[in-house]
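Residue numbers (the working numbering), protein chains in the order written: chain A, 1 to 489; chain B, 1 to 217.
Only one structure is covered here, and it is reproduced in the block below.
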Amino acid sequence: MLVLLVVLLPAIGSALAFAITRPSARLVVLSVVSLAHLGIVGALWVGPRASALSGWLAVDSLGLLVLTLVSLLFAAVVAYAIGFLREESPRGGRWFAGCLLGFLAATSLVCASQHLALLWVGMETTTLAIAPLIFHHHDRRSLEAVWKYLVLSSVGIAFALLGVFLLATAQPAVGGSRPLIFGDLLSHARTLDRAWLRAAYVFALTGFGTKMGLAPLHSWKPDTYGEAPSLVSALMAGALTSCAFVGLARFTAVVFAAGLDEFARPLLIAFGIVSLVVATAFVIGQSDVKRLLAYSSVEHMGLLVLGLGVGGVGAFGSVLHVLNNGIAKGMLFLVTGNMVLATGSSAAADMRGLLRVRPISAALMLVGLFAVTGSPPFGLFVSEFSIVSGAIREHHVWVAVALLLLLSIIFAGIGRVLLGVVFGGREGGGGGGGERVGADGGGSRRDSAWLVCGPLALAAIVLLLGVYIPAPLRASLADAAHMLGGSAP
Amino acid sequence: MRALIEPILLAVVLTNFAVLGISRVTACVRMLAVQGALLGVLSIAVERPLSVHSVALGTGTVIVKALVLPWFLRWAMRETSVRREVEPVIGYMGSLLLGAVAAGLSFGVANRLPAVGSGQDAPVGLLVPVALVTLLCGLLVLITRSKAVTQVVGYLMLENGVYLFGLTLVERISFLVEVGVLLDVFVAVFIMGIVVFHINREFDSISAENLVELRES
Chain A
1 MLVLLVVLLP AIGSALAFAI TRPSARLVVL SVVSLAHLGI VGALWVGPRA SALSGWLAVD
61 SLGLLVLTLV SLLFAAVVAY AIGFLREESP RGGRWFAGCL LGFLAATSLV CASQHLALLW
121 VGMETTTLAI APLIFHHHDR RSLEAVWKYL VLSSVGIAFA LLGVFLLATA QPAVGGSRPL
181 IFGDLLSHAR TLDRAWLRAA YVFALTGFGT KMGLAPLHSW KPDTYGEAPS LVSALMAGAL
241 TSCAFVGLAR FTAVVFAAGL DEFARPLLIA FGIVSLVVAT AFVIGQSDVK RLLAYSSVEH
301 MGLLVLGLGV GGVGAFGSVL HVLNNGIAKG MLFLVTGNMV LATGSSAAAD MRGLLRVRPI
361 SAALMLVGLF AVTGSPPFGL FVSEFSIVSG AIREHHVWVA VALLLLLSII FAGIGRVLLG
421 VVFGGREGGG GGGGERVGAD GGGSRRDSAW LVCGPLALAA IVLLLGVYIP APLRASLADA
481 AHMLGGSAP
Chain B
1 MRALIEPILL AVVLTNFAVL GISRVTACVR MLAVQGALLG VLSIAVERPL SVHSVALGTG
61 TVIVKALVLP WFLRWAMRET SVRREVEPVI GYMGSLLLGA VAAGLSFGVA NRLPAVGSGQ
121 DAPVGLLVPV ALVTLLCGLL VLITRSKAVT QVVGYLMLEN GVYLFGLTLV ERISFLVEVG
181 VLLDVFVAVF IMGIVVFHIN REFDSISAEN LVELRES
């Protein structure tokens, strides 16, 4: 019942937001649904995890973890949106709230689906719900970004659907397993036809990999994250990619259970390494903060599949990293959004010296920099450490060496840009940005409470995850890692 | 009904080749509509005992893929003066040749794949190769054509290919899922159509070639 509600509530809220004409009432709907969603997710942690719709909807450990991430991130984004809409004219307000809630419904559906075709339907719906939000600014650049995003992810998601169909083909008609139900696929994995299963996995990896933005399927990412409003980029980098990871993880679990380790692991490791290399190449010398964060997202998606690929403790690290990366990336995009509001540009050169203009945002950005690059004491350090130690323990020493090397180069690359933004003086090219600050008026110079409370809360969570992982969370992480053929440290 | 299946599948292959070889965008959209209608009839024909589900799905497919979406695409490009596809990356002859290669490849691959289903319930052998041909031709159109509308046509062909493959599994994939898939494709093309409309207004032509502002400098 609860699990049905977690999907239905935002869907109803979305319909309501489209129907309501008063902007303030729409914001109330948005906030109420977001808080209620958070409440339901909390109840799912405490209460019994019953399934709904004859086993099609249920939360397992992995689903619940990502669902929690999505819900937390969404709450932070809603708080931010209230401040954001005050500073920027609420263009297309009806679409704005409706699509945000539609996105929440679709991501919840992905997390809660035990039926893989239903999961696909949710995944496709996330694409469609977020597309109008990318187009928020209605200019040429956002038009180009939304077109690239629509075409690439639609093709990717069509491949994923073919993967789902191929998986259904691999399932024998007799033998008592219900078609495409994840639990049945796992328990009957040995009866699956191996040739079809291999084909299914290749298409699923390509499809969900496109949605995650793994290199070389990432080309939509910098454009989309760069042009979308920052809170939309935050949702995409934090929630949407994590949901795509859930889809990939479910396929991977089935393939591992069927004993096709030797087939799948090298593919995952290769995708991971390529993503890290590409991210490193483009992080260096990047001049736009949002595009920089997009390449950082490519890096972290690479880490996720790498962790799955090496297995062992790496799988545990991978699942933990989904949470850490989602929260850290969401937080950084929101903070960057504050910078964009202050300067009217996302170029690093225009943002320099923001410590003076928006001190709280600047401090948060500094925190975000260390969090996202995996420095202690933040959560990403723990998860990246698990992935590296997984690689070493499972005898992929060269992978671990390459990983450490690439991560340190990326640290330097991101650090150079973001430190410049926080501490840098305004010189050469900063003048244009300065004029825009003046043009925006005094109101946008300071951070409003709405604009910083979300990122502040997210920063606290990612710090907490680095210092202390509560017992129920640890149990869920271990359970999810076990499902993915790994183990807890 | 089953005797109908093979001619329909061959007609689907012909519509693929037609889209590859035609330069007029409106004609491409018309061919796509024909393909959608064929798919609708096919989804009724493959299921042996005629069921409410398959008839509903077939009718839905015809309405969405043969009527609504083509009409909508024509609406999106109504304002354009240029109705011809400008210089595709690969010429029409080249596209047709590649299409033929794709067809050969698909039949070769499909022959080597293990059989789908078993015994009497096994669907017609042509279904899998034709699904692959449609998918590959869709990809080809998507990659080689520069107009946004034609790219939508390519995407729909690709989706049609996946749909054809799904027909081998009618009894295993539930009705709800099929409807969800159809609905998603509908909304996807709807949003794409709106974007095409805006690209059209913004750039005075619906060429995706103009979309080159965003790149690494």
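Note that beta-carbon positions come from the ideal geometry of N, C-alpha and C, so glycine has one too.
With a threshold of 8 Å between beta-carbons, can Met-192 (chain B) be considered close to chain A, or not?
Put simply, the CB of Met-192 (chain B) is near chain A, with a gap under 8 Å to one of its CB atoms.
May I ask you to list, following chain order, the residues of the stretch 145-161 of chain A that have a beta carbon less than 9 Å from some beta carbon of chain B?
So the list reads Ala-145, Val-146, Trp-147, Lys-148, Leu-150, Val-151, Ser-154, Val-155, Ile-157, Ala-158, Phe-159, Leu-161, given in the order they occur along the chain.
Applying the criterion that 16 or more other CB atoms from any shown protein chain within 10 Å of the CB defines a buried residue, is Gly-104 (chain B) buried or exposed?
By the neighbour-count rule (16 or more Cβ atoms within 10 Å), Gly-104 (chain B) is not buried but exposed.
I want to see whether chain A comes within less than 8 Å of Ala-3 (chain B), judged by CB atoms only; does it?
By this cut-off, Ala-3 (chain B) is not an interface position.
Should Gly-58 (chain B) go down as buried or exposed, given a rule of 16 or more other Cβ atoms within 10 Å for buried?
With 16 or more Cβ atoms within 10 Å of its Cβ, Gly-58 (chain B) is classed as buried.
Along chain A, which residues have their Cβ under 9 Å away from the Cβ of Arg-172 (chain B)?
Neighbours of Arg-172 (chain B) on chain A, chain order: Ala-168, Thr-169, Gln-171, Ala-173, Pro-179, Leu-180.
Just the Cα atoms here: how many angstroms apart are Phe-17 (chain B) and Thr-224 (chain A)?
About 34 Å.
Chain A partners of Thr-134 (chain B), CB-CB under 7 Å?
Chain A residues near Thr-134 (chain B): none, gap ~12 Å exceeds 7 Å.
Residues near Glu-159 (chain B) by beta carbon distance below 7 Å, same chain, minus five either side:
Closer than 7 Å at Cβ, skipping near neighbours: Val-185.
At a Cβ cut of 8 Å, what residues of the stretch 97-129 of chain A count as close to chain B, listed as they run along the chain?
Answer set for the stretch 97-129 of chain A: His-115, Ala-117, Leu-118, Trp-120, Val-121, Glu-124, Thr-125, Thr-127, Leu-128.
Terminal residues of the alpha helix (DSSP H) in which Pro-70 (chain B) lies
From DSSP, the alpha helix (DSSP H) with Pro-70 (chain B) extends over 69-76.
Excluding the 5 residues flanking Val-218 (chain B) on each side, which residues of the same chain have their C-beta closer than 7 Å to its C-beta?
For residue 218 (chain B) there is no data in the structure shown, the boundaries of chain B being 1 and 217.
Paired residues, beta bridge with Ser-113 (chain A) - DSSP:
For Ser-113 (chain A), which the question treats as bridged, DSSP gives the partners A:Leu-57.
With DSSP collapsed to three states, give me the class of Asp-139 (chain A).
Asp-139 (chain A) falls in the coil class under three-state DSSP.
Applying the 10 Å Cβ sphere with the 16-neighbour rule, what's the burial state of Ala-100 (chain B)?
Exposed, since its Cβ has fewer than 16 Cβ neighbours within 10 Å.
In the structure shown, what three-state DSSP assignment does Phe-96 (chain A) receive?
Three-state DSSP puts Phe-96 (chain A) in a helix.
Please classify Ala-173 (chain A): does DSSP put it in a helix, a strand, or coil?
Judged by DSSP in its simplified three-state form, Ala-173 (chain A) adopts coil rather than helix or strand.
Using C-beta distances below 8 Å, list every residue in its chain close to Ser-333 (chain A), excluding the 5 sequence neighbours before and after it, in chain order.
The sequence given here places Phe at residue 333 (chain A); Ser does not occur at that position. Scanning its chain for C-beta atoms nearer than 8 Å, with the 5 sequence neighbours on each side dropped, one finds around Phe-333 (chain A) the residues Tyr-225, Ser-230, Leu-231, Ser-233, Ala-234, Ala-237, Gly-238, Lys-290, Leu-293, in chain order.
So is Trp-56 (chain A) buried or exposed if we call it buried at 16+ other beta carbons inside 10 Å?
It is buried - the Cβ of Trp-56 (chain A) has at least 16 other Cβ atoms within 10 Å.
Consult DSSP for Ala-347 (chain A) and reduce its assignment to one of helix, strand or coil.
Ala-347 (chain A) falls in the strand class under three-state DSSP.
Pull up the distance between the alpha-carbon of Arg-436 (chain A) and that of Phe-385 (chain A), whole angstroms please.
Because the pLDDT of Arg-436 (chain A) is 41, which lies under 50, any placement of that residue in the model is unreliable, and the question is left without a value.
Using the DSSP secondary-structure output, state which residues sit across from Ile-181 (chain A) in a beta bridge.
According to DSSP, Ile-181 (chain A) bridges with A:His-115.
Any beta carbon from chain B within less than 8 Å of Phe-165 (chain A)'s own beta carbon?
Output row for Phe-165 (chain A): interface = yes.
Give a yes or no on whether the minimum CB-CB distance between Thr-15 (chain B) and chain A is below 8 Å.
It does not: the Cβ of Thr-15 (chain B) has no partner Cβ on chain A nearer than 8 Å.
In the structure shown, what three-state DSSP assignment does Asp-261 (chain A) receive?
Of the three classes helix, strand and coil, the one that applies to Asp-261 (chain A) here is helix, per DSSP.
Bridge partners of Gly-312 (chain A), per DSSP?
BP columns for Gly-312 (chain A) point to A:Gly-486.
Consult DSSP for Asn-3 (chain B) and reduce its assignment to one of helix, strand or coil.
It is worth fixing the name first, because residue 3 (chain B) is Ala in this sequence and not Asn. In the three-state reduction of the DSSP assignment, Ala-3 (chain B) falls in the helix class, which pools H, G and I.
In chain order, what residues of the same chain have a beta carbon less than 7 Å from the beta carbon of Val-340 (chain A), not counting five sequence neighbours either side?
So the qualifying residues of the chain are Ser-230, Ser-346.
Give me whichever residues DSSP pairs with Ala-52 (chain A) in a beta bridge.
DSSP output for Ala-52 (chain A) lists A:Leu-57 as bridge partner(s).
Would you call the stretch 108-117 of chain A and the stretch 178-185 of chain A in contact, with 3 or more CB pairs under 8 Å?
Contact holds between the stretch 108-117 of chain A and the stretch 178-185 of chain A, because three or more Cβ pairs, one in each stretch, are under 8 Å apart.
If we ignore side chains and look at the alpha-carbon of each, how far apart do Leu-72 (chain A) and Ala-249 (chain A) end up?
Rounded to whole angstroms, Leu-72 (chain A) to Ala-249 (chain A) spans 21 Å at the Cα level.
For the stretch 142-157 of chain B, which residues have a CB atom closer than 7 Å to at least one CB atom of chain A, in sequence order?
Taking 7 Å as the Cβ-Cβ cut-off against chain A, the residues of the stretch 142-157 of chain B that qualify are Leu-142, Ala-148, Gln-151, Tyr-155.
Since I believe Ile-409 (chain A) is in contact with Leu-240 (chain A) (beta carbons under 8 Å), could you give me their beta-carbon distance rounded to a whole number of angstroms?
Between the beta-carbon of Leu-240 (chain A) and that of Ile-409 (chain A) there is about 27 Å, and that puts the pair past the 8 Å contact cut.
Assigned exposure category for Ser-527 (chain A) - 16 Cβ within 10 Å defines buried
There is no way to answer for residue 527 (chain A), as the model of chain A reaches only from 1 to 489.
Return helix, strand or coil for Asp-447 (chain A), following the three-state DSSP convention.
Coil, per DSSP.
What residue from B:Ile-194, B:Val-133, B:Met-157, B:Ala-27 has the CA that sits closest to Gly-36 (chain B)'s CA?
Residue B:Met-157 is the option with its Cα nearest to Gly-36 (chain B).
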